[in-house]
Amino acid sequence: MGGEKLNITRQSACLGLAGILLAGPALADDAARIRELEKKLERSMQRIDELSAKVQRLEQGATAAAPAADQEARVEALERRVGQLGDGISRRVLEDNTLLRGFADVGAGYSGENNPSFGRGRKGFGVGNLDLYLTPQIGERVRSLVELNFEVGEDGHTDADLERAQLGYAFSDAATVWLGRFHTPYGYWNTAYHHGAQLQTSLSRPRFLDFEDRGGILPAHTVGTWLSGSVPAAAGQFGYDLYGGNAQRIETDAGRRTLNPMAWGRRDSAYTAGFNAWLEPGAVDGLRLGLHGLRSTIEDDAAAPNRTRLAMVGGYGVYQANHWEVLAEYFQFGNRDLSGGSGLHRSRAGYAQAGYAWGAVTPYARLESARLDQRDSYFLSQYYGRSYRRGVLGLRYDLDPRAALKFEFANTDQRDLGAANDRYNEARIQYSIRF
Amino acid sequence: MAIRKTFLAASAFAALGAQADGYVIAHLTVNVAPEEVRQIFTGNMQFSGARRLVPVDNGAVQGDFLYKVVRMDPDRYNAVWTRKAFREGVAPPPVLLSDQEVMDFVRRTPGAIGYVGTNPGSANVILKY
Chain A
0 MGGEKLNITR
10 QSACLGLAGI
20 LLAGPALADD
30 AARIRELEKK
40 LERSMQRIDE
50 LSAKVQRLEQ
60 GATAAAPAAD
70 QEARVEALER
80 RVGQLGDGIS
90 RRVLEDNTLL
100 RGFADVGAGY
110 SGENNPSFGR
120 GRKGFGVGNL
130 DLYLTPQIGE
140 RVRSLVELNF
150 EVGEDGHTDA
160 DLERAQLGYA
170 FSDAATVWLG
180 RFHTPYGYWN
190 TAYHHGAQLQ
200 TSLSRPRFLD
210 FEDRGGILPA
220 HTVGTWLSGS
230 VPAAAGQFGY
240 DLYGGNAQRI
250 ETDAGRRTLN
260 PMAWGRRDSA
270 YTAGFNAWLE
280 PGAVDGLRLG
290 LHGLRSTIED
300 DAAAPNRTRL
310 AMVGGYGVYQ
320 ANHWEVLAEY
330 FQFGNRDLSG
340 GSGLHRSRAG
350 YAQAGYAWGA
360 VTPYARLESA
370 RLDQRDSYFL
380 SQYYGRSYRR
390 GVLGLRYDLD
400 PRAALKFEFA
410 NTDQRDLGAA
420 NDRYNEARIQ
430 YSIRF
Chain B
0 MAIRKTFLAA
10 SAFAALGAQA
20 DGYVIAHLTV
30 NVAPEEVRQI
40 FTGNMQFSGA
50 RRLVPVDNGA
60 VQGDFLYKVV
70 RMDPDRYNAV
80 WTRKAFREGV
90 APPPVLLSDQ
100 EVMDFVRRTP
110 GAIGYVGTNP
120 GSANVILKY
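Each protein sequence line maps, in turn, to chains A and B. Quick note: the first sequence uses numbering that gives the first Met the number 0, first residue 0, plus one each step. Quick note: the second sequence uses numbering that gives the first Met the number 0, first residue 0, plus one each step.
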């Protein structure tokens, strides 16, 4: 028996080492390690069979000479060990799924934009994002999600962003609590696609929903806590998100005022809070309908800071089935000026996009619009906080389920620039993959 | 004549194969309703009581299972799990390659639930499809 214990300990150590190796950074050897792990798992299963056979023999009285009480204790001990081996395998299955996943995209484009505020549009080839994320499965209830994004800025330098660093605990399907930096769960697009260019049908995001430094006017990232879950309901599947965290701040970066998620905390106490509730009706497969809201106190970095009570509510509908993908989101703002006394300012933004997949080819179209009150310091302070309208036509071709080639043409009517309002065309091509 | 008989036999065999039943099986610790299987394999249901569920795919009969039970084609199924993993940090089910591997895995893994194309004998059958 002592030898068996030693063998089991060695096997457990080998399996543990295999698990650590598999979760390690040398992912190029994953396939070989998985094969090795499978072999070791198979040896463990054989060991379980041997132990089970021993249990059976003991139960059948093969060791009748031993005292009955002693025999009973040995049988129980063996059963416990077999059970523990089973639990160990279960845990390893959960843990061994730690793979590095990600997205990458490259492309080329032409932009006819030319105005005093945003300058001349870019032309030529470009590198998009390299986005890497890990979802280590640590035990049955501990969740973790880490995402690192590399992107080339307009100055040509490569920036690395810790996009997400969130650790969570799943109490049940109805409640998982996260802590850290996460994609703010407003609407649909921001959490469904974010940096996953290959995931989204279109080449571009709606501009007002883009990242804070790329044209977005909403806080796409929050540092704080997030409660989410879903439960079956009479009408279908109901899900929700409740979140709160540091209020974002409008700060100047590379000469542009954009939203900063304040990942290192704030000196004052200003917070963001929001909700998102959705229903997937059982009667219509592929449909999701949702409502969401966000409230925050945002200030900018002017010498006499402008402070705004940001209040946003919205709704969305998504249909993804029968070769169709239809997305529509609407955002309504009722922002109150807290520092200048100019009162309440109402603005709105929204988009609707539809695509239909004919095999590997998906043509799509999108209309988007943002009417942003320029008396509202929340928008006025932001570099991209100007009204616009845009029409987009595109074609996606799936070279593989994990690789897409996209062509997109957009016409933008840039407003709120006074006499310099600009109407321009853009054409872009993008090659994107996920892995 | 011999060719025709061979063709008929092959057709009959193929037809039998096409009509073969599938079985969703689970570890003895798993107590879920048949209608919950779709939710489990799309990541919407990850717990059965206090027990974390461990769904496992069977590469040998995955297409049939996805079509009949999950009501998705493999591409959409993979896309659903990619989005699930990206948004919620949930790992997709591991893929095993045969009925025997799935039966062994389910028998030995608390919380496991999988599916096979052959009669699993005395296994804990949740759903026959």
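Backbone N, C-alpha and C fix where the C-beta goes; we use that ideal spot for every residue, glycine too.
Assigned exposure category for residue i - 16 Cβ within 10 Å defines buried
| i | result |
| --- | --- |
| E49(A) | exposed |
| F207(A) | buried |
| G110(B) | buried |
| A122(B) | buried |
| A25(A) | Annotation note: pLDDT 45 at A25(A) (below 50); position unreliable, no value reported. |
| R265(A) | exposed |
| A103(A) | buried |
| V283(A) | exposed |
| Y76(B) | buried |
| V115(B) | buried |
| Y168(A) | exposed |
| G138(A) | exposed |
| P115(A) | exposed |
| P33(B) | exposed |
| E328(A) | buried |
| E41(A) | exposed |
| R121(A) | exposed |
| V317(A) | buried |
| V391(A) | buried |
| T200(A) | buried |
| V23(B) | buried |
| L398(A) | exposed |
| L126(B) | buried |
| A253(A) | exposed |
| A159(A) | exposed |
| E153(A) | exposed |
| G118(A) | exposed |
Partners in chain B for residue i, counting only beta-carbon separations shorter than 9 Å
| i | result |
| --- | --- |
| Y456(A) | This structure gives no information on residue 456(A), because the portion of chain A shown stretches from 0 to 434. |
| G191(A) | Checking the displayed sequence, the identity of residue 191(A) turns out to be Ala instead of Gly. Going along chain B in sequence order, the residues near A191(A) (Cβ under 9 Å) are R82, F85 and R86. |
Heavy atom of the ligand HEM within 8 Å of residue i beta-carbon
| i | result |
| --- | --- |
| R107(B) | Absent from the structure shown: the ligand HEM. Ligands present: none. |
Residues that DSSP places opposite residue i in a beta bridge
| i | result |
| --- | --- |
| Q236(A) | P231(A) and E279(A) |
| D412(A) | R388(A) and R422(A) |
| V317(A) | R287(A) and L326(A) |
| I39(B) | Looking at the DSSP assignment, I39(B) forms no beta bridge with any residue, so it has no partner. |
| K127(B) | Y22(B) |
| R180(A) | A164(A) and V222(A) |
| D336(A) | T307(A) |
| G108(A) | G123(A) and R427(A) |
| K438(A) | Since the first residue of chain A shown is 0 and the last is 434, residue 438(A) is not available in this structure. |
| Q331(A) | V312(A) and R347(A) |
| L52(B) | L52(B) pairs with nothing; no bridge assigned. |
| L144(A) | Q165(A) |
| Y132(A) | R100(A) and E146(A) |
| Q352(A) | L326(A) and R365(A) |
| T296(A) | R308(A) |
| T157(A) | V151(A) |
| F46(B) | R51(B) |
| T190(A) | DSSP output for T190(A) lists no bridge partner at all. |
Contacts that residue i makes with chain B (C-beta to C-beta distance below 7 Å)
| i | result |
| --- | --- |
| A72(A) | Under the 7 Å cutoff, chain B gives no residues; its nearest Cβ is about 24 Å from A72(A). |
| S201(A) | Within chain B, no residue comes near S201(A); the closest Cβ sits about 15 Å away, beyond 7 Å. |
| G195(A) | F85 |
| L144(A) | G88 |
Chain A contact residues for residue i, given Cβ-Cβ distances below 8 Å
| i | result |
| --- | --- |
| N77(B) | P400 |
| D74(B) | P400 |
Chain B contact residues for residue i, given Cβ-Cβ distances below 8 Å
| i | result |
| --- | --- |
| D284(A) | R70 |
Contacts that residue i makes with chain A (C-beta to C-beta distance below 7 Å)
| i | result |
| --- | --- |
| R37(B) | None at all; the shortest Cβ gap to chain A is about 10 Å. |
| M44(B) | D172 |
(request) Answer yes if the segment 180-200 of chain A comes into contact with the segment 421-428 of chain A, meaning at least three C-beta pairs across the two stretches below 8 Å, and no otherwise. (result) no
(message) Ignoring anything shorter than 4 residues, give me the alpha helix (DSSP H) runs that lie fully in the segment 64-124 of chain B, in order along the chain.
(response) 73-87 and 98-107
(request) Would you be able to state if there are at least three C-beta pairs under 8 Å between the segment 233-247 of chain A and the segment 91-110 of chain B? (result) Contact check between the segment 91-110 of chain B and the segment 233-247 of chain A: fewer than three CB pairs, one atom from each, fall below 8 Å, which does not count as touching.
(request) Kindly confirm or deny that the segment 52-67 of chain B and the segment 20-40 of chain B touch, where touching means at least three C-beta pairs closer than 8 Å. (result) yes
(request) Could you tell me which uninterrupted beta strand (DSSP E) segments, each at least 3 residues in length, are contained entirely in the segment 199-275 of chain A, listed from first to last along the chain? (result) If one requires a minimum length of 3 residues, the beta strand (DSSP E) runs lying completely within the segment 199-275 of chain A are 220-232, 235-245, 248-252 and 255-259, in chain order.
(message) With three or more C-beta pairs closer than 8 Å as the rule, is the segment 172-184 of chain A touching the segment 349-359 of chain A?
(response) no
(message) Going residue by residue through the segment 356-389 of chain A, where are the continuous alpha helix (DSSP H) segments of at least 4 residues, counting only ones entirely within it?
(response) 376-380
(request) Indicate whether the contact test is met: 3 or more Cβ pairs, each with one atom in the segment 287-294 of chain A and one in the segment 371-387 of chain A, closer than 8 Å. (result) no
(message) Would the segment 398-415 of chain A count as touching the segment 207-220 of chain A if we require 3 or more Cβ pairs under 8 Å?
(response) no
(message) Quick check: the segment 302-314 of chain A against the segment 57-73 of chain B, are at least 3 beta-carbon pairs closer than 8 Å?
(response) Output reads no: the segment 302-314 of chain A does not touch the segment 57-73 of chain B.
(message) With three or more beta-carbon pairs closer than 8 Å as the criterion, would you say the segment 101-108 of chain B touches the segment 66-82 of chain B?
(response) The segment 101-108 of chain B is not in contact with the segment 66-82 of chain B.
(message) Closer than 8 Å is the cut-off here; do at least three beta carbon pairs connect the segment 254-262 of chain A with the segment 320-337 of chain A?
(response) Contact fails: fewer than three Cβ-Cβ distances are below 8 Å.
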